[in-house]
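A short worksheet on the structure shown next.
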Amino acid sequence: MPVLEIGPGMGVLTQFLLEAGHDLTVVELDMESVDYLNQNFPDLKGRIIAEDFLKLDLSKIFPGEFCVIGNYPYNISSQIFFKVLDYKDQIPCCSGMLQKEVAERLAAGPGSKTYGILSVLLQAWYDVEYLFTVSEKVFDPPPKVKSAVLKMTRNDRKELGCDEKLFKTVVKTSFNQRRKTLRNSMKPLLGKDCPDYALPIFDKRPEQLSVEQFVELTLISQKHLEKQAGDVL
1 MPVLEIGPGM GVLTQFLLEA GHDLTVVELD MESVDYLNQN FPDLKGRIIA EDFLKLDLSK
61 IFPGEFCVIG NYPYNISSQI FFKVLDYKDQ IPCCSGMLQK EVAERLAAGP GSKTYGILSV
121 LLQAWYDVEY LFTVSEKVFD PPPKVKSAVL KMTRNDRKEL GCDEKLFKTV VKTSFNQRRK
181 TLRNSMKPLL GKDCPDYALP IFDKRPEQLS VEQFVELTLI SQKHLEKQAG DVL
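Residue numbers for the sequence shown, in UniProt numbering: 1 to 233.
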């Protein structure tokens, strides 16, 4: 299966991937790094994409499935994973190193203070595994933060059982006021007087809900919004 490496820099990880025989393409925005890769990795000829990963149409590069790997730039790591979600049907696996705090957030489960929007959205389609912590001392110069290696494998959930776009909206809306109960945090979407607020699920805070419960909340929201639209018509 083709592999896309994000942000190879000077090719430390790239070297191992090529030696392992992977069908490798890399995307790198820094032109100094691009020049270095062109000079030192002849096997990558025609496979170095000198563009911003976040702006790429990945389906034009890979017609089928591909895996993603990288030492992800810490300042855009969350955006990278949102992008992976956009191509989840093509990306069965994704691994890499990122800031420890972000990795913990992505792998967090319900009830955790670090459980949030991206935790829920990723875990709706991927099994997210925090593999190990990487000390700042192994880098030269050492960064001010610890790192971690994360592995994501697409789960067998083909369909959520609810409208996917609304599911994402429900998750984002609920976490916009994460300290409040859903009865309060969902008002921007469902209005002040939604009769479903009497249901027990609305007594909970968003960080307490599993993916399955967010699906349930989405179905409740969808039914209410459809009725609301019908009443207007």
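Even glycine gets a Cβ: it sits at the ideal position worked out from N, Cα and C.
Predicted model only: the values in this text are computed from it and were never measured.
Using beta-carbon positions only, say whether residue i and residue j come within less than 7 Å of one another.
i: Thr218; j: Val149; result: no
i: Gln222; j: Leu166; result: yes
i: Cys67; j: Met1; result: yes
i: Pro206; j: Arg178; result: yes
i: Leu182; j: Lys204; result: yes
i: Ser135; j: Val102; result: no
i: Phe175; j: Ile117; result: yes
i: residue 242; j: Ala108; result: In this structure the chain extends from 1 to 233, so residue 242 is not present and cannot be described.
i: Val211; j: Gly161; result: no
i: Asp193; j: Ile220; result: no
i: Leu85; j: Leu121; result: yes
i: Ile48; j: Leu37; result: yes
i: Arg105; j: Tyr126; result: no
i: Gln208; j: Pro110; result: yes
i: Leu54; j: Lys83; result: yes
i: Tyr87; j: Leu58; result: yes
i: Ser147; j: Lys100; result: yes
Is it right to say residue i is buried, meaning 16 or more other beta carbons lie within 10 angstroms of its own, or is it exposed?
i: Glu51; result: exposed
i: Glu19; result: exposed
i: Thr173; result: buried
i: Thr133; result: exposed
i: Leu4; result: buried
i: Val145; result: exposed
i: Glu226; result: exposed
i: Met186; result: buried
i: Leu233; result: Residue confidence is low: Leu233 scores 48 on pLDDT, short of 50, so the model does not pin down where it sits. Its coordinate-derived value is still stated next. Exposed is the call here.
i: Glu32; result: exposed
i: Lys60; result: exposed
i: Ala124; result: buried
i: Phe81; result: buried
i: Val138; result: exposed
Assuming residue i is part of the beta strand (DSSP E), what are its boundary residues?
i: Glu5; result: 3–6
i: Arg154; result: 147–154
i: Phe132; result: 126–134
Would you say the beta carbon of residue i comes nearer than 6 Å to a heavy atom of the ligand PLP?
i: Val128; result: With respect to small molecules bound, the structure shown includes none, and the ligand PLP cannot be examined in it.
Considering residue i, what are the terminal residues of the alpha helix (DSSP H) in which it resides?
i: Lys60; result: 58–61
Entirely enclosed alpha helix (DSSP H) segments - the segment 2–52, minimum 4 residues: 12–19, 31–40
May I have a chain-ordered list of the alpha helix (DSSP H) segments no shorter than 4 residues that lie completely inside the segment 169–197? 182–185, 187–190
State whether the segment 57–71 contacts the segment 2–9, with contact taken as three or more CB pairs (one from each stretch) at a distance under 8 Å. yes
Does the segment 19–36 come close enough to the segment 91–106 to have 3 or more Cβ pairs within less than 8 Å? no
Identify every run of the alpha helix (DSSP H) within the segment 64–102, keeping only runs that are complete inside it and at least 4 residues long; order them along the chain. 77–86
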